[in-house]
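What follows is one structure encoded as structure tokens, with my remarks underneath.
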Ligand code: BES
Ligand code: ZN
Ligand code: ZN
């Protein structure tokens with residue numbers, strides 16, 4: 171699974187050292203004359219993010235110096251893992267021992283490649299000798315989950331339609347002795363998921379509700395719901411080209427909950443897990459749902475369609491109604507729900523909504539310690555006035571256009587109610603630029619924060 175992690179601790183390896191600018195003079199004075207000259211010739215100043223390959227007297231690579239800032243996060247040497255020459259490397263004692271686990275994860279994440287359509291391009295050749303003191307199972311579980319999320323998001327819509335998402339989820343369930351079932355096409359109508367069907371019926375690829383269950387029956391119930399819009403054209407309220415370009419990522423919420431489910435199952439977290447993914451394509455055809463249509467949801471709430479591009483909250487509402495019917499102890503949904511969330515917080519910081527402030531606070535604490543950002547936005551109830559319809563219980567898209575991420579979350583809250591401990595994440599799921607350890611493209615965001623919160627809350 172991770173060929174770039176060497177698990178035998180005594181493998182000879184080249185040391186990678188963290189160097190703060192203030193420690194560089196001392197390091198240089200202790201180094202050999204050759205190395206001292208080399209450092210000066212390279213102009214290495216230990217600028218955070220920079221590095222220097224140090225030779226021995228024979229000109230062989232002896233050591234790698236990495237410039238670091240005061241605080242060291244998991245990305246500190248993630249960029250290097252992708253560019254160092256072939257060989258075995260080891261983080262030496264200059265790195266804080268309590269960060270070794272995260273640094274090793276960052277190293278692995280930096281070697282991610284999406285290889286489905288092109289084998290060309292250099293494969294990372296540097297391998298890390300894992301520190302025997304760090305939790306390898308955690309590293310492997312988290313990396314596997316994040317890679318799954320990235321792969322799912324990166325796969326073009328033509329190859330990641332509802333049936334493909336179903337295959338992926340079925341395989342995930344099977345490899346952990348979980349159960350998988352799905353409701354497909356017009357069966358959604360017979361089993362009372364009218365809104366999922368309405369949003370997905372225009373596509374040549376039938377809409378589905380995907381359902382995974384895992385864990386002991388008597389363990390605390392944890393339910394994850396992910397928006398699985400395999401492509402969001404906007405429907406009849408068609409998106410302009412620029413807005414549509416990245417919409418293969420609109421199943422990013424589903425990709426996130428599947429990545430998180432993989433971490434949970436691999437680590438054997440003692441929960442009764444359920445994952446629900448409404449999987450649809452928001453397409454255009456003669457049978458597409460229309461602005462002005464009124465849909466009756468699974469809960470009985472009627473929804474007037476103001477804009478067919480606000481489809482994520484629609485497919486989620488039927489799935490959330492099903493989710494709460496089993497009264498989970500904790501309900502989490504994840505979705506690429508609004509453009510407004512990324513306007514509010516930028517692409518790196520997902521927005522979090524919670525109907526129990528203590529849950530949001532504990533989660534945010536985990537985000538801080540794991541350096542995996544997220545930020546709360548309020549479920550400001552007065553804005554519910556913008557979701558009023560003249561002829562139905564709700565409209566799907568708020569008038570006025572203010573606070574779009576909040577009004578979308580308020581719409582979801584209508585179906586969740588206030589009895590359940592509920593977290594909603596509005597996430598970008600995409601790196602718009604290349605950063606150390608984070609290639610451009612699909613990204614798992616805040617999953618380490620969520621996983622750490624779940625471990626804290628549920629681990630035996
Ligand atoms: N999938 C989009 C939201 C989105 C857009 C996420 C860009 C990330 C990047 C969603 O279905 C959508 O189109 N939302 C509309 C809602 C509006 C019509 C009320 C939006 O955010 O503009
Ligand atoms: Zn949309
Ligand atoms: Zn969408």
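Numbering (the working numbering), first residue to last: 171 to 630.
Built from N, CA and C at the ideal position, the CB exists for glycine as well.
Predicted model, so just to flag it, every value in this text is computed and none were measured.
Bridge partners for residue i per DSSP, in chain order?
i: residue 442; result: 391
i: residue 297; result: 258
i: residue 221; result: 236
i: residue 350; result: 382
i: residue 312; result: Note: residue 312 sits in no beta bridge, so no partner.
i: residue 403; result: Residue 403 is not bridged to any residue.
i: residue 504; result: 396 and 595
i: residue 522; result: 546 and 595
i: residue 184; result: 259
i: residue 189; result: 237
i: residue 176; result: 299
i: residue 231; result: 225
Closest to residue i by CA distance: which of the options is it?
i: residue 494; options: 535, 401, 591 and 538; result: 591
i: residue 176; options: 304, 441 and 572; result: 304
i: residue 477; options: 369, 609 and 534; result: 369
i: residue 257; options: 382, 437, 293 and 283; result: 293
i: residue 328; options: 622, 421 and 480; result: 421
i: residue 316; options: 623, 629, 356 and 614; result: 614
i: residue 374; options: 437, 456, 397 and 319; result: 456
i: residue 403; options: 342, 482 and 492; result: 482
i: residue 484; options: 174, 566 and 195; result: 566
i: residue 513; options: 367, 598 and 489; result: 598
i: residue 515; options: 490, 553, 574 and 558; result: 574
i: residue 569; options: 207, 181, 542 and 554; result: 554
i: residue 393; options: 341, 579, 532 and 499; result: 499
i: residue 342; options: 444, 201 and 247; result: 444
i: residue 261; options: 286, 179, 523 and 344; result: 179
i: residue 524; options: 586, 511 and 557; result: 586
i: residue 344; options: 435, 550, 202 and 475; result: 435
i: residue 356; options: 376, 244, 532 and 338; result: 376
i: residue 213; options: 237, 245 and 407; result: 237
i: residue 430; options: 620, 540, 626 and 629; result: 620
i: residue 491; options: 337, 467, 263 and 459; result: 467
i: residue 596; options: 509, 489, 379 and 360; result: 509
i: residue 245; options: 517, 540 and 382; result: 540
i: residue 441; options: 268, 399, 627 and 354; result: 627
i: residue 396; options: 314, 337, 326 and 505; result: 505
Practice problem: Would you mind listing the alpha helix (DSSP H) stretches within the segment 409-481 that are 4+ residues and don't spill past its ends, in chain order? | Solution: 411-414 and 422-436
Exercise. Pair every Cβ in the segment 302-311 with every Cβ in the segment 184-200, then say whether three or more of these pairs are closer than 8 Å.
Key: no
Quiz item: Can we say the segment 449-463 touches the segment 382-391, given the rule of at least three CB pairs closer than 8 Å?
Solution: no
Practice problem: Go through the residues and name those whose CB comes closer than 5 Å to any heavy atom of ligand 1, in chain order. | Solution: 402, 420, 477, 479, 480, 482, 506, 508, 509 and 567
Quiz item: Touch check for the segment 471-481 and the segment 560-567: three-plus C-beta pairs under 8 Å?
Solution: yes
Quiz item: Can we say the segment 408-420 touches the segment 283-300, given the rule of at least three CB pairs closer than 8 Å?
Solution: no
Self-check item: Contained alpha helix (DSSP H) runs [length at least 4] in the segment 545-621, N- to C-terminal order
Solution: 574-586
Quiz prompt | Stretch-stretch touch, CB-based, cutoff 8 Å, three pairs: the segment 270-278 with the segment 201-220 | solution = The answer is no - the segment 201-220 does not touch the segment 270-278, with fewer than three Cβ pairs under 8 Å.
Quiz item: Is it a yes or a no for the segment 417-426 touching the segment 349-356, going by three-plus beta-carbon pairs under 8 Å?
Solution: no
Exercise. Check whether the segment 240-251 touches the segment 279-290, taking contact to mean three or more Cβ pairs, one atom from each stretch, closer than 8 Å.
Key: yes
Practice problem: Evaluate contact between the segment 597-611 and the segment 528-535, counting only Cβ atoms and requiring at least three cross-stretch pairs below 8 Å. | Solution: no
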